[in-house]
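Chains as they are written, first to last, in the numbering used here: chain A, 1271 to 1573; chain B, 657 to 915. For every residue, glycine included, the Cβ atom is placed at its ideal position computed from N, Cα and C. Report on one structure; see the data block that follows.
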Amino acid sequence: MEPALAVDLRNLTKRFGPVTAVNNLSLQLESGEIVAFLGPNGAGKTTTIDMLLGLTRPDVGTARVYGRLPADAIARGEVSAVMQNSGLLKDFTVRETVAYTASLYAHARPVNEVLERAGIGSIADRRVQKCSGGEQQRLRFAMALLSDPRLLILDEPTTGMDVQGRRDFWSAIRKDAAQGRTVMFATHYLDEADAYADRIVLIRQGVVVADGTTAEIKNLASGRVVRATLPGANLDALKVLSGVTHVEVRGEAVIVNCTNSDIVARYLLTSTDARDLEISSMNLEAAFVALTGDDAEAVEVSQ
Amino acid sequence: MTAPDITPPERLVPPLGGFNVTALGLEVRRMLRNRRTLMFIVVFPSLFFFLFGLSTRGPRAPSPEIVAFIMINMAVYGAMVGTTAGGAAVAVERSLGWSRQLRLTPLRPAAYVVMKVLTAMVLGFVAVATVFIVGALNGVHVAPRVWVLSFLAAWLCSLVFAAFGLFVGFLLPSENVMQFVGPLLAILAMFGGLFIPLSALPPVMQTIAKFTPVYGVGQLARAPLVGGFTSVAVFNVAAWTFLFAIGAMLLFRRDTARV
Chain A
1271 MEPALAVDLR
1281 NLTKRFGPVT
1291 AVNNLSLQLE
1301 SGEIVAFLGP
1311 NGAGKTTTID
1321 MLLGLTRPDV
1331 GTARVYGRLP
1341 ADAIARGEVS
1351 AVMQNSGLLK
1361 DFTVRETVAY
1371 TASLYAHARP
1381 VNEVLERAGI
1391 GSIADRRVQK
1401 CSGGEQQRLR
1411 FAMALLSDPR
1421 LLILDEPTTG
1431 MDVQGRRDFW
1441 SAIRKDAAQG
1451 RTVMFATHYL
1461 DEADAYADRI
1471 VLIRQGVVVA
1481 DGTTAEIKNL
1491 ASGRVVRATL
1501 PGANLDALKV
1511 LSGVTHVEVR
1521 GEAVIVNCTN
1531 SDIVARYLLT
1541 STDARDLEIS
1551 SMNLEAAFVA
1561 LTGDDAEAVE
1571 VSQ
Chain B
657 MTAPDITPPE
667 RLVPPLGGFN
677 VTALGLEVRR
687 MLRNRRTLMF
697 IVVFPSLFFF
707 LFGLSTRGPR
717 APSPEIVAFI
727 MINMAVYGAM
737 VGTTAGGAAV
747 AVERSLGWSR
757 QLRLTPLRPA
767 AYVVMKVLTA
777 MVLGFVAVAT
787 VFIVGALNGV
797 HVAPRVWVLS
807 FLAAWLCSLV
817 FAAFGLFVGF
827 LLPSENVMQF
837 VGPLLAILAM
847 FGGLFIPLSA
857 LPPVMQTIAK
867 FTPVYGVGQL
877 ARAPLVGGFT
887 SVAVFNVAAW
897 TFLFAIGAML
907 LFRRDTARV
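Quick look at the structure:
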């Protein structure tokens, strides 16, 4: 039997009234991958994760975790999650919160072990109320480790944390991921995706706009941007030029992302009426903006 | 990459939808640590008992039977506040997002509700036991049969308020739900004859009282002492428990469908 995919999302669509939060999204994760789910706020990351965890029912499509329905995968401890909007009881201590959660599983790791692994062993007897945002997040992480899940989902796990909190949190995750767990984390911090993922899935308006290894996404970002004033530009002619990854129009300007700016510049200056031509290099930030901006088009980078 | 070798050979679904006594024990401990809850279920009912039952000495002091009567009434009052608070805890947990956190665990929603009801019943037990112990230590003498039957009736019939608490808890997702419910409970307690004897009310009020949810509990808890075990009282408890349970279940269904 072929080993089941860690995550298998097929044609997921979810609408909230007139808004399509997730639009025919498919995504497969192999076991052992560490994947960043990257996109601006409102891109559909949380809705997708909610469907992956069975917290929201998709209008169309299916979600499977290690071949199981999400609710079944949760009940068996195959998957656990650190969610940004899940609450904690203020009058439990850290240890009680973990012990309570541990008691709900058929098999759970020892409470002290997960407290240590999440780096909160020293505050085990503190009331949740008295814990900082970062400490509460590591508490959620400790709870997520209890079932020793094969898949760990982190939904914007460091939102609202200070720099030190983010660093501590990721160092705990990184230590843990070394054991070969599949990890999928949603974030809108590029540096987090860059530092911790070996694959990046970019999502915008409920659609995957780029999916590739971190290196591939960086490649995409390593190109240059050629910008020129050219009313009524022939976009199709630009798109077929060698090395062009992305073309867009802003007002009278045309913006071309490409790996070889010489070809594009030569074409624009010799075959069109383009003027005010500028060439600049692109970074990951710019690629992110280009791929997730409102008027961006989808680009396939993992062929 | 290959699948990580960190998993037990077979991953099992927990029995009873995740219901277990460890979680129940932690829940009860947490509720009993809450000062406000303790105030309402331990301190106030005993305080009222002293105030109404023991404050007058000398020739105008109430008869021993009336003191026992007041003790039972205050036990019922404590139990109804305790079980309501236990049930209404779902409101706090929903407003804090704890229910959503629990959706990430194997705990089945029905098992969660069962734990809430049992926690509520433990709080009710503590409330009744406290007032009865305070009564016994302060000279209440009744037949052993009355101690046992009144205790059981006051405690077990407060299930109606565990259901009421759940109903309110699923209706109002608020951290301060007990602030709305507290005054309502006091009014209901009055119609249940807990603070003043029902016979002291005008006849119309006495009739209305029979249809309110504390009436049955009060009648049944006092019956071992003064009689008054009627089918109306039994039906009152059964009907209100049923109504609140159905209401809570409908709201609970709506709730789990939405999350």
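Residue burial classification, residue i (beta-carbon count within 10 angstroms, cutoff 16)
i, result
"THR1452(A)", "buried"
"PHE823(B)", "buried"
"PHE1439(A)", "buried"
"THR1540(A)", "exposed"
"ALA904(B)", "buried"
"GLU1567(A)", "Only weak support is given to the placement of GLU1567(A): the predicted model assigns it a pLDDT of 47, under 50, and the value that follows is read from those uncertain coordinates. Classification of GLU1567(A): exposed, given that the 10 Å Cβ count is below 16."
"ASP1565(A)", "At ASP1565(A) the pLDDT is 49, less than 50, meaning the model places this residue with poor confidence and gives no usable figure here."
"PHE898(B)", "exposed"
"ASN1227(A)", "The structure shown does not extend to residue 1227(A), since chain A is modelled only from 1271 through 1573, so no value can be given for it."
"ASP1418(A)", "buried"
"LYS1284(A)", "buried"
"ILE1443(A)", "buried"
"PRO670(B)", "buried"
"THR678(B)", "exposed"
"VAL684(B)", "buried"
"MET657(B)", "Any reading at MET657(B) must be qualified, since the residue scores a pLDDT of 47, below 50, and its modelled position is unreliable; the value itself is stated next. Classification for MET657(B): exposed."
"LEU668(B)", "exposed"
"ASN1311(A)", "exposed"
"ALA842(B)", "exposed"
"PRO664(B)", "Here the model assigns PRO664(B) a pLDDT of 49, short of 50, so the residue's position is not dependable and the matter cannot be decided."
"MET1353(A)", "buried"
"GLN1399(A)", "exposed"
Cross-chain neighbours of residue i in chain A, by beta carbon under 7 angstroms
i, result
"TRP811(B)", "Within 7 angstroms Cβ-Cβ: nothing; TRP811(B) doesn't reach chain A, min ~25 angstroms."
"GLY604(B)", "Because residue 604(B) is not part of the residues shown, which for chain B are 657 to 915, the question remains open."
"GLU721(B)", "Chain A residues near GLU721(B): none, gap ~41 angstroms exceeds 7 angstroms."
Contact set between residue i and chain A, taken where Cβ atoms lie within less than 9 angstroms
i, result
"GLY753(B)", "MET1353, ASN1355, SER1356, GLY1357, LEU1358"
"ARG756(B)", "LEU1325, MET1353, ASN1355, SER1356, GLY1357"
"ASN690(B)", "ASP1361"
"TYR910(B)", "Checking the displayed sequence, the identity of residue 910(B) turns out to be Arg instead of Tyr. In chain order: nothing, as chain A lies at least about 14 angstroms away."
Neighbour list for residue i in chain B, Cβ cutoff strictly below 9 angstroms
i, result
"ILE1344(A)", "ARG759, LEU760, THR761, PRO762"
8 angstroms Cβ shell around residue i - same chain, five flanking residues per side excluded
i, result
"ALA921(B)", "Past the boundaries of the shown model lies residue 921(B); chain B is included only from 657 to 915, so the question cannot be answered."
"SER1512(A)", "ASN1530, ILE1533"
"VAL890(B)", "GLY872, LEU876"
"GLU666(B)", "none"
"PHE908(B)", "PRO765, VAL769, LEU822, PHE826"
Cβ-heavy atom distance, residue i to the ligand SAH, below 8 angstroms
i, result
"ARG1387(A)", "No copy of the ligand SAH appears in this structure; indeed no ligand is present at all."
Contact list for residue i against chain A, beta-carbon separation under 8 angstroms
i, result
"VAL669(B)", "ASP1342, ALA1345, ARG1346, ALA1376"
"ARG686(B)", "LEU1359, ASP1361, PHE1362, GLU1366"
Sequence-distant residues of its chain with Cβ nearer than 6 angstroms to residue i (five each side left out)
i, result
"GLN1573(A)", "Because the pLDDT at GLN1573(A) is just 32, under 50, the model does not fix this residue reliably, and the point stays unresolved."
"MET730(B)", "PRO701, PHE704, PHE705, VAL787"
"ALA810(B)", "ALA731, VAL732, ALA735, VAL784, ALA877"
"ASP1320(A)", "THR1326"
"GLY747(B)", "According to the sequence as given, residue 747(B) is Ala; it is not Gly. Counting only Cβ-Cβ distances below 6 angstroms, and skipping sequence neighbours, we find GLY825, LEU828, PRO829, SER830, VAL833."
"GLY849(B)", "GLY874"
"ALA1313(A)", "ILE1473, ARG1474"
Sequence-distant residues of the same chain with beta carbon closer than 7 angstroms to residue i, five excluded per side
i, result
"LEU844(B)", "THR868, PRO869, VAL870"
"ALA1463(A)", "ALA1306, LEU1308, THR1457, ILE1470"
"ALA1447(A)", "ILE1304, VAL1453"
"ILE1393(A)", "VAL1364, CYS1401, GLU1405"
"VAL1384(A)", "VAL1368, ALA1412, LEU1415, LEU1416"
Cross-chain neighbours of residue i in chain B, by beta carbon under 8 angstroms
i, result
"ALA1369(A)", "THR678, LEU682"
Contact list for residue i against chain B, beta-carbon separation under 7 angstroms
i, result
"SER1350(A)", "LEU760"
- Query: Where in the stretch 1466-1493 of chain A do unbroken runs of the beta strand (DSSP E), each at least 3 residues long, occur, reported from the N-terminal end onward?
  - Reply: Taken in chain order, the unbroken stretches of beta strand (DSSP E) that lie wholly in the stretch 1466-1493 of chain A and span 3 residues or more are 1469-1474, 1477-1483.
- Mind listing, in chain order, the continuous beta strand (DSSP E) runs of no fewer than 3 residues lying wholly within the stretch 1348-1381 of chain A? Complete beta strand (DSSP E) runs here, min 3: 1349-1352.
- Query: Using 8 angstroms as the Cβ pair cut-off and three pairs as the minimum, do the stretch 1340-1359 of chain A and the stretch 1499-1511 of chain A touch?
  - Reply: Taking 8 angstroms as the limit for Cβ pairs, the verdict is that the stretch 1499-1511 of chain A does not touch the stretch 1340-1359 of chain A.
- Counting Cβ pairs closer than 8 angstroms, one from the stretch 786-805 of chain B and one from the stretch 813-830 of chain B, do we hit at least three? With a cut-off of 8 angstroms, the stretch 813-830 of chain B and the stretch 786-805 of chain B do not count as touching, because too few Cβ pairs lie within range.
- Query: In chain order, which continuous runs of the alpha helix (DSSP H) of length 4 or greater are located wholly inside the stretch 669-753 of chain B?
  - Reply: If we require 4 residues or more, the alpha helix (DSSP H) runs fully inside the stretch 669-753 of chain B come out as 677-689, 691-694, 700-705, 720-752.
- Message: Using 8 angstroms as the cut-off, can you tell me whether the stretch 1377-1392 of chain A makes contact with the stretch 1326-1333 of chain A, which would need three or more C-beta pairs spanning the two stretches below that distance?
- Response: Contact between the stretch 1377-1392 of chain A and the stretch 1326-1333 of chain A is absent, because fewer than three Cβ pairs lie under 8 angstroms.
- Message: For the stretch 1399-1406 of chain A against the stretch 1419-1432 of chain A, do three or more pairs of beta-carbon atoms, one drawn from each stretch, fall closer than 8 angstroms, so that the two count as touching?
- Response: The stretch 1399-1406 of chain A vs the stretch 1419-1432 of chain A: in contact.
- Item | Every unbroken alpha helix (DSSP H) inside the stretch 1517-1549 of chain A [4 residues or more] | Segments of the alpha helix (DSSP H) lying fully in the stretch 1517-1549 of chain A: 1531-1541.
- So does the stretch 769-779 of chain B actually touch the stretch 851-859 of chain B, counting three or more Cβ pairs closer than 8 angstroms? The stretch 769-779 of chain B vs the stretch 851-859 of chain B: no contact.
- For the stretch 1275-1329 of chain A, list the alpha helix (DSSP H) runs that are entirely contained and at least 4 residues long, ordered along the chain. Runs found: 1315-1322.
- Jot down the residue ranges of each uninterrupted alpha helix (DSSP H) in the stretch 831-899 of chain B, minimum 4 residues, whole runs only, in chain order. Restricted to the stretch 831-899 of chain B, the alpha helix (DSSP H) segments that are unbroken, complete and at least 4 residues in length are 833-847, 859-865, 869-882, listed in chain order.
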